[in-house]
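Colleague: For the sequence shown, my numbering assigns the number 138 to the initial residue and increments by one for each residue that follows.
By construction, the Cβ of each residue, glycine as well, lies at the ideal position given by its N, Cα and C atoms.
If you're wondering where the values come from, they're calculated on a predicted model, not measured in any experiment.
Provided herewith is a single structure, encoded as structure tokens, for subsequent inquiry.
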Amino acid sequence: MSSVLPLIAVIVTVIAGWALIKRVQTHMVLLFAGLAILICVALAGVGFLPKGVKPSGFWLFDIFSTLKSIATKQSSGIGFLIMTAGGFAAYMDRIGAAKALVDVAVKPLSALKAPYLVLAFGYVVGQMLVTVIPSAAGLAMLLLVALFPILKAVGVSAAAAAAVIGTSAGMTFAPTAGTASLAAKVGGLDPIIYLVQYQLPLAIPTLIVAAIAHYFVQRYYDKKGDDQVAEVVEVKKVDVPVVPKWYAFFPVLPIALLIIFSKLVVSSIKLDTVAALFMVWVLVVIVEWIRLRDVKKIFKDGMAMFQAMGKMFTGIVALIICAEFFATGLKTSGLIDVIINSANGVGAGMGVMTVILTAIVSLVTFLTGSGVGAYSSFASLAPDVAAGFGGSVEALVTPMQFASGMIRAMSPVAGVIIAVAGAAGVSPMAIVRRTWIPMTLGLITTLIFNQIFFG
Numbered sequence: 138m139s140s141v142l143p144l145i146a147v148i149v150t151v152i153a154g155w156a157l158i159k160r161v162q163t164h165m166v167l168l169f170a171g172l173a174i175l176i177c178v179a180l181a182g183v184g185f186l187p188k189g190v191k192p193s194g195f196w197l198f199d200i201f202s203t204l205k206s207i208a209t210k211q212s213s214g215i216g217f218l219i220m221t222a223g224g225f226a227a228y229m230d231r232i233g234a235a236k237a238l239v240d241v242a243v244k245p246l247s248a249l250k251a252p253y254l255v256l257a258f259g260y261v262v263g264q265m266l267v268t269v270i271p272s273a274a275g276l277a278m279l280l281l282v283a284l285f286p287i288l289k290a291v292g293v294s295a296a297a298a299a300a301v302i303g304t305s306a307g308m309t310f311a312p313t314a315g316t317a318s319l320a321a322k323v324g325g326l327d328p329i330i331y332l333v334q335y336q337l338p339l340a341i342p343t344l345i346v347a348a349i350a351h352y353f354v355q356r357y358y359d360k361k362g363d364d365q366v367a368e369v370v371e372v373k374k375v376d377v378p379v380v381p382k383w384y385a386f387f388p389v390l391p392i393a394l395l396i397i398f399s400k401l402v403v404s405s406i407k408l409d410t411v412a413a414l415f416m417v418w419v420l421v422v423i424v425e426w427i428r429l430r431d432v433k434k435i436f437k438d439g440m441a442m443f444q445a446m447g448k449m450f451t452g453i454v455a456l457i458i459c460a461e462f463f464a465t466g467l468k469t470s471g472l473i474d475v476i477i478n479s480a481n482g483v484g485a486g487m488g489v490m491t492v493i494l495t496a497i498v499s500l501v502t503f504l505t506g507s508g509v510g511a512y513s514s515f516a517s518l519a520p521d522v523a524a525g526f527g528g529s530v531e532a533l534v535t536p537m538q539f540a541s542g543m544i545r546a547m548s549p550v551a552g553v554i555i556a557v558a559g560a561a562g563v564s565p566m567a568i569v570r571r572t573w574i575p576m577t578l579g580l581i582t583t584l585i586f587n588q589i590f591f592g
């Protein structure tokens, strides 16, 4: 039976893909897809228990021991980092520090007079802000309040402004972002080292190409002037307190500390990412206490950190657990070995496999509108694939991770695209026709420079 396991894995994967396209709950689809494959693997007598997990004596119990092992590892490792980062971002938003940062970052754009140059720089600013505001939807809402009026005031259309804002989180190269943290973990790297050595060399040329493409694409469609205008969904100003402009420094502070106390600067002292986030959170609570003197309110706001951590677990961390359970089924079924052997048989190398896996992530992201779900499902397969080709794990996961964000900005069913389309008063398809060229050119640039630098 073991010889047909790869075929069973393919069939289950296709069914799971169909379910995701039909927008069945992603976590449960991946969980039951992994369960179905592992049951077949167990019945075939093939070993599947993770390293360090002792057999129970009954294969069904072993399957759930595998799920427990994955959940424990993710919840205490990369999962806890993602939860903490999400909690910190929520607290920064709660006290108004995130809005202060966005206001400070976009204000210089209002001094420029060339409309489409302002638009291109607006895209660059948005992509830089994603390093400290890693939520695509959260960043888009802030930019719709702060950047959208500036872009409209200089003379670009509402659809052009919305298209730029919708793509602002295309490359999530923030060291605290969920997909970036997962990529660093898969590659066995510190998030800051992964950012500097692998993400930035690809992000910089990609950013330049996408910004130039935005300049020409948005100008072309604005001159064409055939957007079908619908009812505008009013974007309410973010209901956060007014804070001093120097609060804009707080969201950036953890990253600054992580860069300083790393191998890049002060190598004798090592600062953990989670510790940095908690430390700055406590510091800001103390600053708020000194500034406002309202202990009840300040401590209530501080709880936003823990409340958001819980939401991050139910959203992203639980998804990563289910995705790795599914990936475990694919690996133990022998499907990955078949793919690697087949690719080697036809002379395909690491570069070709990178393109193939990036294309798969892109397709799933486009159809589902979820970059995290698509990337999480395939990221944990990267070490086995890279080992099979003798290549770098980082060179495989970085284009996949960038694709999960850039292709999301091309999906008409993605939440961020639907939101910005409503603000512009056009359909999501009208936004997508303005985003697909910049994002496609950006992804091609990523793949080219990935091959140049790390191929």
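1. I need the straight-line Cα distance from GLY194 to ALA385, nearest angstrom please.
2. LEU186 and THR203 - do their beta-carbons sit closer together than 8 Å?
3. DSSP state of SER272, grouped into three classes?
4. Over what stretch of residues does the alpha helix (DSSP H) that includes PRO520 continue unbroken?
5. Return the Cβ separation of PHE285 and ALA298 in integer angstroms, given the expectation that the two are a contact with Cβ distance under 8 Å.
6. Which of the three DSSP states, helix, strand or coil, is assigned to ARG160?
7. Let me make sure I understand the geometry here. Which of THR491, PRO381, GLY223, LEU142 has the alpha-carbon closest to that of GLY233?
8. Hey, how far is the Cα of ILE81 from the Cα of ILE215?
9. Give me the residue from GLY471, LEU408, PHE586, ARG231 with the minimum Cα distance to LEU142.
10. Between which two residues does the alpha helix (DSSP H) holding TRP573 run?
11. Is the separation between the beta-carbon of ALA546 and that of GLY307 shorter than 8 Å?
12. Please work out which residues of its chain come closer than 6 Å, Cβ to Cβ, to GLY224, disregarding the five sequence neighbours upstream and downstream, and give them in chain order.
13. Which same chain residues end up closer than 7 Å to VAL346 when comparing Cβ atoms and leaving out the 5 residues on each side of it in sequence?
14. Distance check for LEU518 and LEU280, CA to CA, integer angstroms please.
15. Within 10 angstroms of the Cβ of LEU197, are there 16 or more other Cβ atoms? Answer buried if so, exposed if not.
16. If contact is defined by three or more beta carbon pairs under 8 Å, each pair taking one atom from either stretch, is the region 530 to 545 in contact with the region 255 to 266?
17. Along the chain, where does the alpha helix (DSSP H) that runs through MET229 open and close?
18. Between VAL557 and the rest of its own chain, which residues show a CB-CB distance below 8 Å, the 5 nearest in sequence each way excluded?
19. Report the rounded CA-to-CA distance for VAL417 versus ALA227, giving the unit in angstroms.
20. Under 8 Å, do GLY562 and ALA295 count as touching if we go by C-beta distance?
21. To which residues of the same chain is ALA179 closer than 8 Å at the C-beta, ignoring the five residues directly before and after it?
22. State yes or no: is the C-beta of VAL530 within less than 8 Å of the C-beta of GLY315?
23. The alpha helix (DSSP H) that contains PRO192, what's its start and end?
24. Can you look up GLY447 in the DSSP assignment and give me helix, strand or coil?
25. Does the separation of the CB atoms of GLY171 and GLY452 fall below 8 Å?
26. Measure the alpha-carbon distance for SER305 versus VAL267 and round it to whole angstroms.
27. Can you give the beta carbon distance from PRO338 to PHE590, rounded, assuming they're within the 8 Å contact cut?
28. Touch check for the region 286 to 293 and the region 401 to 410: three-plus C-beta pairs under 8 Å?
29. Give a yes or no on whether 8 Å exceeds the smallest Cβ distance from GLY362 to chain D.
30. What first and last residue would you give for the alpha helix (DSSP H) that runs through ASP438?
31. Do the CB positions of GLY542 and LEU456 come within less than 8 Å of each other?
32. Could you check whether PRO391 and LEU414 sit closer than 8 Å to each other, using their CB atoms as the reference points?
33. Run the CB neighbour count on VAL379, radius 10 Å, all protein chains shown included, and call it buried at 16 or more, exposed below.
Modeller: On the basis of the supplied data:
1. To locate residue 194, count along the sequence shown from 1; it is residue 57. To locate residue 385, count along the sequence shown from 1; it is residue 248. Their Cα atoms are separated by approximately 56 Å.
2. Here residue 203 is taken as the residue at index 66 of the sequence shown, counted from 1. Here residue 186 is taken as the residue at index 49 of the sequence shown, counted from 1. Yes; because the gap between Cβ atoms is below 8 Å, this pair is in contact.
3. Taking the first residue of the sequence shown as position 1, residue 272 is located at position 135. SER272: coil per DSSP, three-state reduction.
4. Your numbering for residue 520 matches position 383 in the sequence shown. Per DSSP, PRO520 belongs to the alpha helix (DSSP H) from 519 to 526.
5. Here residue 285 is taken as the residue at index 148 of the sequence shown, counted from 1. Here residue 298 is taken as the residue at index 161 of the sequence shown, counted from 1. 5 Å between Cβ atoms; contact.
6. In the sequence shown, the residue the question calls residue 160 occupies position 23. The three-state secondary structure of ARG160, taken from DSSP, is coil.
7. As a first step, residue 233 is located in the sequence shown; it is residue number 96 there, counting from the start. With distances taken between Cα atoms, GLY233 lies closest to PRO381.
8. Only positions 138 to 592 of the chain appear in this structure, which leaves residue 81 out of reach.
9. Taking the sequence shown and counting its residues from 1, the one referred to as residue 142 is at position 5. Minimum Cα-Cα distance from LEU142 among the listed residues GLY471, LEU408, PHE586, ARG231 corresponds to GLY471.
10. In the sequence shown, residue 573 corresponds to position 436, counting from 1. Start and end: 565 to 591.
11. In the sequence shown, counting from the first residue as 1, residue 546 sits at position 409. In the sequence shown, counting from the first residue as 1, residue 307 sits at position 170. Cβ distance < 8 Å, so ALA546 and GLY307 count as in contact.
12. As a first step, residue 224 is located in the sequence shown; it is residue number 87 there, counting from the start. MET442, ALA445, MET446, listed in sequence order.
13. In the sequence shown, residue 346 corresponds to position 209, counting from 1. Once the five neighbours on either side are set aside, the close Cβ partners of VAL346 are LEU578, GLY579, THR582.
14. In the sequence shown, residue 280 corresponds to position 143, counting from 1. In the sequence shown, residue 518 corresponds to position 381, counting from 1. The alpha-carbon atoms of LEU280 and LEU518 are separated by roughly 35 Å.
15. Residue 197 sits at position 60 when you count from the first residue of the sequence shown. Burial call: exposed.
16. no
17. The residue given as residue 229 occupies position 92 in the sequence shown. Run containing MET229: 215 to 232, per the alpha helix (DSSP H) assignment.
18. Your numbering for residue 557 matches position 420 in the sequence shown. Non-local C-beta neighbours of VAL557 in its own chain, meaning closer than 8 Å and more than five positions away in sequence, comprise ALA277, LEU281, ALA299, ALA300, ILE302, GLY303, ILE568, ordered along the chain.
19. As a first step, residue 417 is located in the sequence shown; it is residue number 280 there, counting from the start. As a first step, residue 227 is located in the sequence shown; it is residue number 90 there, counting from the start. Each residue's Cα considered, the two are about 13 Å apart.
20. One-based indexing of the sequence shown puts residue 562 at position 425. One-based indexing of the sequence shown puts residue 295 at position 158. Result yes, Cβ atoms of GLY562 and ALA295 sit closer than 8 Å.
21. Position 42 of the sequence shown, counted from the first residue, corresponds to residue 179. Cβ within range, chain order: PHE185, TRP196, LEU197, ASP199, ILE200.
22. In the sequence shown, the residue the question calls residue 530 occupies position 393. In the sequence shown, the residue the question calls residue 315 occupies position 178. No; because the gap between Cβ atoms is not below 8 Å, this pair is not in contact.
23. Walking along the sequence shown from the start, residue 192 turns up at place 55. Looking at the DSSP string, PRO192 is not in any alpha helix (DSSP H), and its letter there is neither H nor E.
24. By 1-based counting over the sequence shown, the position of residue 447 is 310. Helix.
25. As a position in the sequence shown, residue 171 is number 34, starting the count at 1. As a position in the sequence shown, residue 452 is number 315, starting the count at 1. No.
26. Indexing the sequence shown from 1 puts residue 305 at position 168. Indexing the sequence shown from 1 puts residue 267 at position 130. Each residue's Cα considered, the two are about 7 Å apart.
27. Numbered from 1 along the sequence shown, position 201 holds the residue referred to as residue 338. Numbered from 1 along the sequence shown, position 453 holds the residue referred to as residue 590. The Cβ separation is near 5 Å, so the contact holds.
28. At 8 Å Cβ cutoff, the stretches do not touch.
29. Absent from the structure: chain D. Only one protein chain is present.
30. Your numbering for residue 438 matches position 301 in the sequence shown. Note, ASP438: alpha helix (DSSP H), 432 to 439.
31. Looking up residue 542 in the sequence shown gives position 405. Looking up residue 456 in the sequence shown gives position 319. Going by C-beta atoms, GLY542 is not nearer than 8 Å to LEU456.
32. Along the sequence shown, one-based indexing puts residue 414 at 277. Along the sequence shown, one-based indexing puts residue 391 at 254. Result yes, Cβ atoms of LEU414 and PRO391 sit closer than 8 Å.
33. Within the sequence shown, the letter at position 242 stands for residue 379. Exposed, because fewer than 16 other Cβ atoms sit within 10 Å of the Cβ of VAL379.
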